[in-house]
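Engineer: Below is the structure I would like to discuss, written out as structure tokens.
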Amino acid sequence: MSWSCGIIGLPNSGKSTIFNALTALTVPCQSYPFCTIEPNVGIVAVPDDRLARLSETLKPEKVTSTTIEFIDVAGLIKGAHKGEGLGNRFLSHIRNVDAIAHVIRCFETENVPHVYAEIDPKRDVEIVETEIIISDLEIVEERLAKLERLAKVSKEKGVKEIELLARIKSTLEQGSFIAMDYFDHTDAEIVRTFNLITTKPIFYVANIDEETLEKLPISDLEEFVRSKNSRLVYICGKLEHDLINLSPHERTSYMDLYGITEMSIESVIKVGYEILGLITFYTIVGKEMRAWTIPRNTTCVKAAGKIHTDMERGFIRAEVINADDFVRYGSEQAAREHGALRVEGKEYIVKDGDILHIRFNV
Ligand SMILES: Nc1nc2c(ncn2[C@@H]2O[C@H](COP(=O)(O)OP(=O)(O)OP(=O)(O)O)[C@@H](O)[C@H]2O)c(=O)[nH]1
Ligand SMILES: [Mg+2]
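If you want it as structure tokens, here you go:
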């Protein structure tokens, strides 16, 4: 799996509808609040045009895409930390994800009651985020209390953790999420182990009606999301859910009709890769072509380790061809003849779209 994404938002904001549109599953989504109680988990193959072009060129027996996991949980309401609605314990199901999609209700329909009567995206975001902050604070306080008890026995125990938790606590108490770039690399590694939702990259999903499409973008919401230094994706949740199971041809004609240029899975994946700083590389081993996801600025030897630990341990060199060159020349041999194959060492920084052939010896 390349990365995982937790879906949060108010009840009836359309989280499960969007989860279905993203995963082509059919979990219940009904017009009453708290329809979702237990989390829904779905794994999706990442649509990848480049991989499709490569496999058309090479015609391998097997093509393996990278995958993304989506987790749809219950809705949060004001006072969830005091047990309102379904409380906040269910957030434990998304504490290990890599990124968070916050679904904002922008669609208007009388058939689906809004938990706070009228549509007000900014208010809704603030309600949900306040509950997330309080839930993280509870975790930070519990962990601090435990470490402080331990510190009484052994002075050195957990000094660094206590310092970091205290810093985080003070930021959360001011009502802010945690910006990970304030921590150096070593501290960030420790902070990640706390599994706090407020430390994860977050993007916003405006769930809109098809009528709203013509009036996009929603300027004050764009402004709001920009002020949070984040990204906004528009999804017609209900419409897409209806389109997902149509044949590709039928789907394209409906998309043209509504003026939708790409399905939400594509926009969500683009934003996710961007905010997580991820890139894709490829391998062709025997009859299998495969896509891999790694963080930007990964060295070749670390990328090799992603494929197999032996490849990292016994790394000798990598032969690298850019995927576009491979398609242009039609084969590894032809790419080599045109000088498009490079030999790179351990410290080479892998680029998006590289095809790697790792030479190793163990
Ligand atoms: N008109 C319209 N209705 C929508 C849209 N998205 C979701 N709905 C409807 O809103 C209702 C609630 O959707 P869900 O996906 O169950 O919402 P949820 O956020 O998962 O709700 P909980 O599980 O209760 O937290 C359902 O009846 C959906 O059909 C939309 O874009 N337009
Ligand atoms: Mg739901």
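Under our numbering, the first residue of the sequence shown is numbered 770, with each subsequent residue one higher. Where a beta carbon is used, it is the ideal one built from N, C-alpha and C, also for glycine. For clarity, every value in this text was computed on a predicted model and none was experimentally measured.
1. Which complete alpha helix (DSSP H) runs does the stretch 928-963 hold, if anything under 4 residues is left out?
2. Does at least one heavy atom of ligand 2 sit under 6 Å from the Cβ of LYS1120?
3. Within the present structure, is the beta-carbon of THR835 separated from the nearest heavy atom of ligand 2 by less than 6 Å?
4. Give the C-beta separation of LEU913 and LYS938 to the nearest angstrom, bearing in mind that I take them to be a contact with Cβ-Cβ under 8 Å.
5. Report the start-end ranges of each alpha helix (DSSP H) in the stretch 1017-1085 that is 4 residues or longer and not cut off at the edges.
6. At a cut-off of 6 Å, would you count SER782 as near ligand 3, judging by its Cβ distance to the nearest heavy atom?
7. Between PHE972 and SER999, which are expected to be in contact by the criterion C-beta below 8 Å, what is the C-beta distance as a whole number of angstroms?
8. Can at least three beta-carbon pairs, one atom from the stretch 846-853 and one from the stretch 892-909, be found at a separation below 8 Å?
9. Pick out whichever of ILE908, MET949, LYS891, GLU980 has its Cα sitting closest to the Cα of LEU1045.
10. Identify, in the order they occur along the chain, each residue of the same chain with its Cβ nearer than 8 Å to the Cβ of SER782, setting aside the five sequence neighbours on each side.
11. In the DSSP assignment, find the unbroken beta strand (DSSP E) run with ARG892 in it and report its ends.
12. Taking just the CA atoms, how far does LEU965 sit from THR1067?
13. Looking at the structure shown, is ASP1121 part of a helix, part of a strand, or coil, going by DSSP?
14. Mind checking which residues open and close the alpha helix (DSSP H) that includes TYR973?
15. Return the first residue and the last residue of the alpha helix (DSSP H) that ASP1093 is part of.
Structural biologist: Taking the definition as stated:
1. Listed in chain order, they are 928-942, 954-961.
2. Looking up residue 1120 in the sequence shown gives position 351. It does not: the Cβ of LYS1120 is nowhere closer than 6 Å to a heavy atom of ligand 2.
3. Looking up residue 835 in the sequence shown gives position 66. False, no ligand heavy atom lies under 6 Å from that Cβ.
4. Locating residue 913 in the sequence shown gives position 144, counting from the first residue. Locating residue 938 in the sequence shown gives position 169, counting from the first residue. With 8 Å as the limit, LEU913 and LYS938 qualify as a contact, their Cβ atoms being about 7 Å apart.
5. Counting whole runs of 4 or more residues, the stretch 1017-1085 contains the alpha helix (DSSP H) stretches 1017-1027, 1033-1045, 1069-1076, 1078-1082.
6. Annotation note on ligand 3: not contained in the displayed structure, which lists ligand 1 and ligand 2 as its ligands.
7. Your numbering for residue 972 matches position 203 in the sequence shown. Your numbering for residue 999 matches position 230 in the sequence shown. With a Cβ gap of about 6 Å, PHE972 and SER999 count as contacting.
8. yes
9. Translated into positions along the sequence shown, residue 1045 becomes position 276. Closest by alpha carbon: MET949.
10. For this step, residue 782 is matched to residue 13 along the sequence shown. If we look at SER782 and ignore the five residues flanking it on each side, its Cβ neighbours are GLY844, VAL872, ILE873, ARG874, ASP893, ASN976.
11. Within the sequence shown, numbered from 1, the residue matching residue 892 stands at position 123. Element bounds for ARG892: not the beta strand (DSSP E) but the alpha helix (DSSP H), 890-922.
12. By 1-based counting over the sequence shown, the position of residue 1067 is 298. By 1-based counting over the sequence shown, the position of residue 965 is 196. Near 25 Å, if we compare the C-alpha coordinates of LEU965 and THR1067.
13. Position 352 of the sequence shown, counted from the start, is the residue given in the question as residue 1121. Residue state for ASP1121 is assigned as coil, using DSSP reduced to three classes.
14. Here residue 973 is taken as the residue at index 204 of the sequence shown, counted from 1. First-last for TYR973: 971-976, but that is the beta strand (DSSP E), not the alpha helix (DSSP H).
15. Translated into positions along the sequence shown, residue 1093 becomes position 324. Per DSSP, ASP1093 belongs to the alpha helix (DSSP H) from 1092-1098.
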